[in-house]
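Colleague: In this note's numbering, the protein residues as written are 6 to 428.
Backbone N, C-alpha and C define an ideal beta-carbon position, used for all residues, glycine too.
Bear in mind the structure is a predicted one, so any value in this text is a computation, not a measurement.
Pasting a structure here, questions to come.
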Ligand SMILES: Cc1ncc(COP(=O)(O)O)c(C=O)c1O
């Protein structure tokens, strides 16, 4: 998937300027390395499909063609099929958001929602506020529209609203085109935005008249603690992105967006230009899969599996990682974020880790400006508990090696330089 093999591009100089800053996703680039059979991958946030009942999906897909082929194989409406939107209405009600089907459009995953929102909102130089670090796919989608992404730091309670307030005061009313947030089990940090911070964020967004985009792919994968109401449940003006990728299967490429009608109308125009309409076949298959109750048991099973893997990762980190490294304790989702001492660079560590048979994504992938070099995202969703233990042990050895070098420096009275040459 990466562009690494391109050595000479004879079309260089003819591409639109907006593609200049669009970087290949580091996560997708790692897929190649991760496919080695002995590799333990903490890199991609790939859902575990082992728990998804393939025969039930096959039956849904077959029946979609056999009984609804005339519509499933035809072009459909750009908004998405009414039956799937009715399913989404029910899913949203279960997380505390009541809304009519007309307020929803079906998208090709939440990723398409991000791209369409960037397309309708962003001109070059516009300011976008996001958490720092933030979802690499959002950075990639936004970057084609050349915004200035301002990252607001997080702590264990999610985005630091005190720092958001400072940024908003600096930028002034309507000073940003939107605030992008992943409040539940954030990708990549794994932290969840505290309820009181959710309320304050919305107050500030109103005060400064800035739309809020809530991206919530992991909200239903909670292992502990009570459900926290989504921002959209607290404010009808919030733009909400949902997806079937983590509760069903990412291969169907199905997600949804709810937003105030004027915004949805613009997004729909952008979607028509992008793909005319989503796959009716995928939608009918999902409708049939979600028509029964089995998906609930499947989701419970998936959540249990991810919880076990989270536990395996946290105890392995506790046991093997050096004391100089700290990490987050996610209550759900897919990711742990680990922070090493500032003088270590996860990018250079990665090459060694790959040699030791383990991958992760270096933290700088999740910032627009190269910050996060001493951090790493560790996805616990994909590897089995025993592999997680082995992988963390391998990674700990690599980090220990580096730290050993620096400890020797410090003992000798020399201050370690930041890896990679930066001061
Ligand atoms: C925060 C976040 N947003 C959006 C997406 C994209 O999801 P989808 O498969 O629905 O396009 C992901 C996928 O990992 C994600 O982590």
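Return yes when the C-beta of residue 87 is under 7 Å from any heavy atom of ligand 1, and no when it is not.
Modeller: It does not: the Cβ of residue 87 is nowhere closer than 7 Å to a heavy atom of ligand 1.
Colleague: Residue 46 bridges to which residues according to DSSP?
Modeller: Residue 46 is bridged to 364.
Colleague: Taking only heavy atoms of ligand 1 into account, decide whether any of them is closer than 7 Å to the Cβ of residue 279.
Modeller: No.
Colleague: Report yes if the C-beta of residue 192 is less than 7 Å from at least one heavy atom of ligand 1; otherwise report no.
Modeller: For ligand 1, at least one heavy atom lies less than 7 Å from the Cβ of residue 192.
Colleague: Alpha carbon to alpha carbon, how far is residue 152 from residue 259?
Modeller: Roughly 27 Å between the two C-alpha positions.
Colleague: Counting Cβ pairs, one atom from each stretch, are 3 or more of them under 8 Å apart for the region 264-284 and the region 53-65?
Modeller: They do not touch, by the three-pair rule.
Colleague: Closest to residue 349 by CA distance: which of 403, 373, 399 and 371 is it?
Modeller: Considering only alpha carbons, the answer is 403.
Colleague: Here's the rule I'm using: 16 or more other beta-carbon atoms within 10 Å means buried, otherwise exposed. How should residue 18 be labelled?
Modeller: Its Cβ having fewer than 16 others within 10 Å, residue 18 is exposed.
Colleague: In whole angstroms, what is the alpha-carbon distance linking residue 240 and residue 207?
Modeller: Cα to Cα, the separation comes out at about 7 Å.
Colleague: Per the DSSP calculation, residue 261 is bridged to which residue(s)?
Modeller: Beta-bridge pairing links residue 261 to 111 and 247.
Colleague: Measuring CB atoms only, is the region 101-121 touching the region 310-321, in the sense that at least three cross pairs come out at less than 8 Å?
Modeller: No, they do not touch.
Colleague: Look at the alpha carbon of residue 68 and the alpha carbon of residue 253, and state the distance between them as a whole number of angstroms.
Modeller: Cα to Cα, residue 68 sits roughly 18 Å from residue 253.
Colleague: For the region 41-52 against the region 348-366, do three or more pairs of beta-carbon atoms, one drawn from each stretch, fall closer than 8 Å, so that the two count as touching?
Modeller: A contact exists between the region 41-52 and the region 348-366.
Colleague: By how many angstroms is the C-alpha of residue 28 removed from the C-alpha of residue 7?
Modeller: Residue confidence is low: residue 7 scores 44 on pLDDT, short of 50, so the model does not pin down where it sits. Its coordinate-derived value is still stated next. So the two alpha carbons sit approximately 10 Å from each other.
Colleague: Around the C-beta of residue 374, are 16 or more other C-beta atoms found within 10 angstroms, so that it is buried, or is it exposed?
Modeller: Answer is exposed; the Cβ neighbour count stays below 16.
Colleague: If you run the structure through DSSP and keep just helix, strand and coil, what is residue 300?
Modeller: If DSSP states are grouped into helix, strand and coil, residue 300 belongs with the helices.
Colleague: For residue 133, write down the residues that DSSP places opposite it in a beta bridge.
Modeller: DSSP lists 154 and 183 as partners of residue 133.
Colleague: Could you check where the alpha helix (DSSP H) with residue 165 kicks off and where it finishes?
Modeller: Careful: residue 165 lies outside any alpha helix (DSSP H) and carries neither H nor E.
Colleague: Counting only the same chain and skipping the five closest in sequence on each side, list residues whose C-beta sits under 6 Å from that of residue 230.
Modeller: Answer for residue 230: 336, listed in chain order.
Colleague: In angstroms with no decimal places, state the Cα-to-Cα distance between residue 101 and residue 236.
Modeller: Approximately 10 Å, taken between the alpha carbons.
Colleague: Between residue 20 and the rest of its own chain, which residues show a CB-CB distance below 8 Å, the 5 nearest in sequence each way excluded?
Modeller: So the list is empty, once near-sequence residues are dropped.
Colleague: Going by CA-CA distance only, name the one from 368, 148, 140 and 223 that's closest to residue 304.
Modeller: Per the Cα distances, 223.
Colleague: Three or more beta-carbon pairs under 8 Å between the region 84-104 and the region 119-131, yes or no?
Modeller: Judged by Cβ distances under 8 Å, the region 84-104 makes no contact with the region 119-131, as fewer than three pairs qualify.
Colleague: Please look up how many angstroms separate the CB atoms of residue 342 and residue 162, rounded, as I've assumed it's under 8 Å.
Modeller: Rounded, the Cβ-Cβ distance is 14 Å, inconsistent with contact.
Colleague: Between the region 406-415 and the region 387-395, are three or more C-beta pairs nearer than 8 Å?
Modeller: Judged by Cβ distances under 8 Å, the region 406-415 makes no contact with the region 387-395, as fewer than three pairs qualify.
Colleague: Give the DSSP bridge partners of residue 380, in chain order.
Modeller: Paired residue(s): 344.
Colleague: On the criterion of 16 or more Cβ atoms from any shown chain inside 10 Å, does residue 121 qualify as buried, or is it exposed?
Modeller: Per the 10 Å Cβ criterion, buried.
Colleague: Going by the C-beta, is residue 222 closer than 7 Å to any heavy atom of ligand 1?
Modeller: Yes, ligand 1 has a heavy atom inside 7 Å of this Cβ.
Colleague: Name the one or two DSSP bridge partners that residue 218 has.
Modeller: Partner(s): 185 and 244.
Colleague: Measuring only from the beta carbon, is residue 116 closer than 7 Å to any heavy atom that is part of ligand 1?
Modeller: Because some heavy atom of ligand 1 lies under 7 Å away, the Cβ of residue 116 counts as near it: yes.
Colleague: Which value, in whole angstroms, describes the spacing of the CA atoms of residue 181 and residue 297?
Modeller: Using only the alpha carbons, I get a separation of about 43 Å.
Colleague: In whole angstroms, give me the CA-to-CA distance for residue 401 and residue 309.
Modeller: So the two alpha carbons sit approximately 26 Å from each other.
Colleague: Would the beta-carbon of residue 244 fall within 8 Å of that of residue 215?
Modeller: Going by C-beta atoms, residue 244 is not nearer than 8 Å to residue 215.
Colleague: Bridge partners for residue 331 per DSSP, in chain order?
Modeller: Answer is 344, bridged to residue 331.
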